[in-house]
Each structure stands twice: as structure tokens, then as C-alpha cells.
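A quick write-up on the structure given underneath.
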Amino acid sequence: MIDSSAVESAFTAVYGDSSLTSADFSALCEAVCSEISPCVRENADPDDARLISLAAACVLRALAVRRGQGEAGLSEFKAGDVSVKRDFQKALSFAEEEHRLKLVAALPLLKDTSFYFGQVKI
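Take the sequence shown: its position 122, counting from 1, is numbered 127 in our numbering, and each next residue is one higher.
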């Protein structure tokens, strides 16, 4: 299984602080590792940097979705000449792109049965 503490370290090194409590962040990393581990080939090294990076990108995506849903009520605030606007779509787009890039890098380490292609016409 992918080491969740390695995922926590990689996430912090690449993306910075998660703004979650330590226990919540650890639980999220463990959940992501549990989700990815069954998809990893038997002969793949679970400590491979590509898998750790993929898991960290999955954590980033999960955080972006959580933030977008949790704070969807207030997106713009104006006081006098000062205006603040929060755009969670940009954060989610960045997280999705990071996830795609890390997934492509980790493809050789993942089982072929991990993917489902519905109605792909070639």
C-alpha cells in the first residue's frame, strides 16, 4: 500500500499547507492511498515517486472540491473601493490538471483493469 505519511510530506513540499487539522489531513491522505492502492500493479514499488505524486494530486483535488462546496455561499465581498472575489473554479481547474499530469506519469504502474472506457469509438 502507498505510504500515507509520504503522501503528506509530498503534498506539503509541493502544494504547501492544506489548511486542515493534522488529523483530518492524515485521514484524507489515508483515504486517497486506500483508493489508489488496489489499482497499482503487483510488481510496482508502492514507494515510487510517481505513485506518491499521484496520491498528493488526488488529495489536492479532493481539497479543491471540498473548499468549493463548503464555501460556495460567499464568493464576492465589496467594502468601499475594495473588492474581494474568491474563485474556486480556478483552484479546481488547477487541481484537475495536476491530477491528469500525475496520472499520466503513473500509468505504467497501474493495472490495465483500473480503467473503464465507456463507448469509446476508435
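For each residue, glycine too, the CB sits at the ideal point set by N, CA and C.
Since the structure is predicted, the reported quantities are computational estimates derived from the model, not experimental observations.
With a minimum length of 4 residues, the unbroken runs of alpha helix (DSSP H) contained wholly in the segment 10-64 fall at 27-41. Ranking GLY73, GLU40, GLN74 and GLU47 by CA distance to the CA of LEU59 puts GLU40 first. Sequence-distant partners of LEU114 (beyond 5 residues in either direction) whose C-beta falls short of 7 Å from its own C-beta, in its chain, are VAL45, ARG46, ALA49, ASP53, ARG55 and LEU56.
Restricting attention to SER27, VAL64, VAL87 and THR17, the CA atom closest to the CA of ARG105 is found in VAL64.
For the pair LEU97 and ALA69, the CB atoms are nearer than the 8 Å cut-off. A distance below 6 Å between beta-carbons, with the five flanking residues on each side excluded, links GLU13 to the following residues of its chain, in chain order: CYS34. The Cβ-Cβ distance between GLU101 and ARG66 falls below 8 Å. In this model, LYS83 and PRO43 are separated by some 48 Å (Cα to Cα).
Taking C-beta separations shorter than 6 Å and ignoring five residues to either side along the sequence, the partners of ALA111 in its chain run ARG55, LEU56 and LEU59, following chain order. Here LYS95 is exposed. Its C-beta has fewer than 16 other C-beta atoms within 10 Å.
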